[in-house]
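Protein chains in written order, with our numbering: chain E, 1 to 406; chain L, 407 to 768. Just so it is clear, CB atoms sit at the ideal spot from N, CA and C, and this is done for glycine as well. The structure presented is a predicted model; accordingly, all values stated were derived computationally and were not measured.
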Ligand SMILES: Cc1cc2nc3c(=O)[nH]c(=O)nc-3n(C[C@H](O)[C@H](O)[C@H](O)COP(=O)(O)OP(=O)(O)OC[C@H]3O[C@@H](n4cnc5c(N)ncnc54)[C@H](O)[C@@H]3O)c2cc1C
């Protein structure tokens, strides 16, 4: 998308310039490098955190939130311009489980105290939330979760564990689905809790990814006390909160994802000009490769317009359109296909393990020319794109059932 | 007509597979992944005792005198196990010496290669995706070599290198030779360590036979990569099948869901019918040499592509656990990337195969 496609007024241009100036003046080289090196969903935590503080200081900490909680009150067109400029600038991807996931639930289900306490801390970048949904035995079948919460006066006492908890090592809070009752339907008897990570009895075990990164964790709970005032919604009604949140999880990152995909197409296009074909020419001379790249570019362009429409239609604070789920399925597969092409393009330069060179601050040199650093880690990391946030099988089941009525 | 293996070959497959399943189970592979230790000498010695190091070395030089098909069967079993070690390059150097070495070179090196006492490796890949003999540029003048080579298997541990030269020549260089530098590279597939070699005025010894041998070695290598890929892909199908029969979600094993079932059936349909292509490509190498180059190219292109796809499906069907370092899926996911890349991409070999078939492309 381009601003010209929005029938821009002089005010729109002025807004665009304002946003662009903000990025130019505030995004440091380190922020940019952190964004560049992001192979999965989130940038190195430190850079996301400092970027959130900068956004907040400018009044843009959570522009899409309702104005009463600190949103920017932008028009749909302004939201699109913001996204376009963000695409251009590529800030680091912040740990968004607070701002994008739990915050909308707090707005909908929270008590006044909870709203007043948690929302300002999220938008200011003081609080960082991890998402405690999955358990060893409950992934796709989330509702079968077992983490036990026993009522004890004004508290719950928690025992069990959560797994695959992204960036829990940086979080000071975690929202969890816990079991408060055994009922006939497993979706009943689940409660949504807002928990401090420093509660006694919480322990982390790091889990390393196939790319060798410490991105997620198993979080163990042993007799952890959580005050009932930290319950979001009613006891045993946590599933409706969870479903509300999943709507956001599945669709909220949509335009960001398309943005990222567009960037990857451009990046890959540069890469094929740099990579050799074995006879002194470049991969660009290979029509087979160009055709495959072109197919992906078309998929991204189509997704871009569809996502823009979704953004334009979205009301601040309201859950996104269900068709987002369709785009979501496509985009994840496109994202993976791009990484497959990238890994193919760099050929044997994919072989070295370059973890050391892939930090924002490092003195480990890249093995090979600079452009070969990322395609293989990107290939490995993006395997998660069809696991995390629900697998394609589960999304397809949802689409078939809820959208198509099959 | 029979495209199946002989009983002896089947027995060979079983014993090699059992050997690596015992000696290098996933728990051992994880240790190698965690702490790169270079060549596991103990494992290498044991596999040499089993006869693997000299499988295709002629009997008069202390080997078993078997054919490429037999070595492909061994490689299939090793692919199945994601077995660590330098056998791929080692066996190919032995083959080059048998086919193109002088009598003196054969007598000096082959018995020690066959016993595993000397570890050999192939140094052919050059900067800019140059893998094929007609792409090599290294030049040796008056027995001295100045060049650099990449993607050399177990470069730090090998005792003897066979270096590819411009025009398809082949030369031997010993580890520790003057002017030779070895730079190890941490690889993503840690079962096959890689390194880069630099030669500055390094003494080398030419093999009397050149280009024809170089192309044979390349073709044999393509077949072996295809066999490894078949073995690994076959294992991946087994692993996802087993997992689908174990993992319970929604009150039943995930293998009950058609979304899972069909993907595994698809993977099996991609992989299993390709097996005979590997055997036949290996068979032609020794028995129908005119057909061999094209079949080798086809087998490598086809199987390594299948392998990459299959491992992707495997990871996906394992959910979160499949995406972790500690779980075994990664060994095959990464080995597949190695097999696909080593000696040139599938599209390079598809193009070669098309050209050899005299198809008009452009
Ligand atoms: C990088 C990453 C980050 C993550 N971060 C978090 C986080 O921060 N917080 C959190 O709570 N969770 C997180 N997760 C967990 C993620 O949500 C789960 O991995 C996901 O829901 C799948 O669950 P599972 O891993 O148990 O796989 P399983 O549910 O066991 O699935 C295994 C396979 O079975 C298939 N399957 C299961 N049921 C069906 C069915 N009914 N029909 C067809 N196919 C089916 C699946 O599609 C999959 O292919 C993360 C995961 C990853 C990979």
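With 16 other Cβ atoms within 10 Å as the buried cut-off, status of residue 424(L): exposed
Under 8 Å by beta carbon: chain E residues contacting residue 672(L): None at all; the shortest Cβ gap to chain E is about 13 Å.
Proximity test, residue 340(E) beta-carbon vs ligand 1 heavy atom, cut-off 8 Å: For ligand 1, not one heavy atom lies less than 8 Å from the Cβ of residue 340(E).
Interfacial residues, the region 157 to 171 of chain E to chain L, with Cβ spacing under 8 Å: 163, 164
Start and end residues, beta strand (DSSP E) containing residue 570(L): 566 to 570
beta-carbon residue 329(E) near ligand 1 non-hydrogen atom, thresh 8 Å: No; taking the cut-off as 8 Å, the Cβ of residue 329(E) has no heavy atom of ligand 1 nearer than that.
For residue 725(L), the three-state DSSP class (helix, strand or coil): helix
Neighbour flag for residue 294(E) against chain L, beta carbons, 9 Å: no
9 Å Cβ cutoff met for residue 463(L) and residue 516(L): yes
Residue range of the unbroken alpha helix (DSSP H) whose run includes residue 584(L): Element bounds for residue 584(L): n/a, residue is neither H nor E.
Three CB pairs or more closer than 8 Å across the region 302 to 316 of chain E and the region 252 to 265 of chain E: Taking 8 Å as the limit for Cβ pairs, the verdict is that the region 252 to 265 of chain E does touch the region 302 to 316 of chain E.
Contact check, residue 31(E) vs residue 51(E), beta carbons under 9 Å: yes
Residue from 129(E), 122(E), 176(E), 167(E) with nearest C-alpha to residue 147(E): 176(E)
Buried or exposed by the 16-neighbour rule on C-beta atoms within 10 Å, applied to residue 485(L): By the neighbour-count rule (16 or more Cβ atoms within 10 Å), residue 485(L) is buried.
CB-CB length for residue 603(L) against residue 561(L), believed under 8 Å: 6 Å
9 Å Cβ cut-off: residues of chain A touching residue 557(L): Structure shown: chain A not included; protein chains present are E and L.
Beta-bridge partners of residue 174(E), as assigned by DSSP: 130(E), 195(E)
Pick from 212(E), 273(E), 23(E), 139(E) that is closest to residue 39(E), judged by C-alpha positions: 212(E)
Residue 224(E) vs residue 159(E) beta-carbon contact at 9 Å: yes
Residue 68(E): first and last residue of the uninterrupted beta strand (DSSP E) it sits in: That residue, residue 68(E), is in no beta strand (DSSP E); it is neither H nor E in DSSP.
Residues that residue 216(E) bridges to, as DSSP identifies them: 207(E)
Beta-carbon contacts of residue 606(L) that lie in its chain and below 6 Å, excluding the five residues immediately before and after: 552, 585
Neighbourhood of residue 698(L) by C-beta, 6 Å cutoff - its chain only, sequence neighbours within 5 removed: Counting only Cβ-Cβ distances below 6 Å, and skipping sequence neighbours, we find 625, 690, 691.
Neighbouring residues, chain L, relative to residue 344(E) (Cβ below 7 Å): 751
Status (buried if at least 16 other CB within 10 Å, exposed otherwise) for residue 364(E): exposed
Option in 144(E), 194(E), 202(E), 195(E) with minimal Cα separation from residue 407(E): Residue 407(E) lies beyond the residue range present for chain E, which begins at 1 and ends at 406; the question has no answer from this structure.
Chain E contact for residue 729(L) (CB, 9 Å cutoff): Contact of residue 729(L) with chain E is assigned, a C-beta pair being separated by under 9 Å.
Residue range of the unbroken alpha helix (DSSP H) whose run includes residue 428(L): 413 to 429
Under 7 Å by beta carbon: chain L residues contacting residue 277(E): In chain order: 535.
Selection of the region 382 to 405 of chain E by Cβ proximity to chain L, strictly under 9 Å: Cβ contacts with chain L come from 383, 384, 386, 387, 388, 391, 392, 393, 394, 396, 397.
Residues of the region 171 to 188 of chain E with Cβ closer than 8 Å to any Cβ of chain L, in chain order: The residues in question: there are none.
Test item: CB-CB of residue 268(E) and residue 296(E) under 9 Å: yes
Contact residues within the region 617 to 638 of chain L, judged by C-beta distance below 8 Å to chain E: none
Unbroken beta strand (DSSP E) run spanning residue 152(E), endpoints: 148 to 152 is the span of the beta strand (DSSP E), which, as asked, contains residue 152(E).
Pairwise C-alpha distance: residue 141(E) and residue 796(L): As displayed, chain L neither begins before 407 nor continues past 768, which places residue 796(L) out of reach and without an answer.
Any 3 or more C-beta pairs closer than 8 Å across the region 378 to 397 of chain E and the region 230 to 240 of chain E: Taking 8 Å as the limit for Cβ pairs, the verdict is that the region 230 to 240 of chain E does not touch the region 378 to 397 of chain E.
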